[in-house]
Every structure is written in C-alpha cells, then in structure tokens.
Amino acid sequence: MAGKDKKLKKLKDNHTYLNKKVAELTEDRKKDRSAESKAVLVRLKKTKLAIKDAIAKAKATLTNK
Numbered sequence: 001m002a003g004k005d006k007k008l009k010k011l012k013d014n015h016t017y018l019n020k021k022v023a024e025l026t027e028d029r030k031k032d033r034s035a036e037s038k039a040v041l042v043r044l045k046k047t048k049l050a051i052k053d054a055i056a057k058a059k060a061t062l063t064n065k
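If you count the sequence shown from 1, position 7 lands on 7 in this note's numbering, and the numbers rise without skipping.
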C-alpha cells in the first residue's frame, strides 16, 4: 500500500512539473511561433494528459482496495 502512495505522489509531482513547463512554453509561444516549439508543447501536453490518466487509475486502485 505504501508503494502505491509513493507512486501516486511521484505521478502528482511529475504532473505539477509538466503543468509549469506547459505554462512557460505557452507564454513563450506568444513570441516564438515555430513548428518546433509547437511540437514540443504538444508532446508535453500529451505526456501531461497520460500522467493525469495514470493518477486517476492509481486513485481508483487505491480506493477499491
């Protein structure tokens, strides 16, 4: 059980980090509209969404037991 809690905390920390990076890149995109910056931003957003789904799955697993 403690391992699951640590995994959940790690996922949340990673999600928070990605959230900050996405916000920074979104702000930078106001000046830099290159295809490369868009690709990086989209990749980070997809990763953030995958982590959000993993957090929801981990929470569901913890509450079911």
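In this text, a Cβ means the ideal position worked out from N, Cα and C, and glycines have one as well.
query: Cα-Cα separation, A2 to D32; result: 44 angstroms
query: Alpha-carbon spacing of L18 relative to T61, whole angstroms; result: 23 angstroms
query: Exposed unless 16 or more other CB atoms sit within 10 angstroms - verdict on L49; result: exposed
query: Any 3 or more C-beta pairs closer than 8 angstroms across the segment 25 to 45 and the segment 1 to 15; result: no
query: Start and end residues, alpha helix (DSSP H) containing D13; result: A2 to D28
query: 8 angstroms contact criterion, which L11 and L25 should meet: CB distance rounded; result: With 8 angstroms as the limit, L11 and L25 do not qualify as a contact, their Cβ atoms being about 21 angstroms apart.
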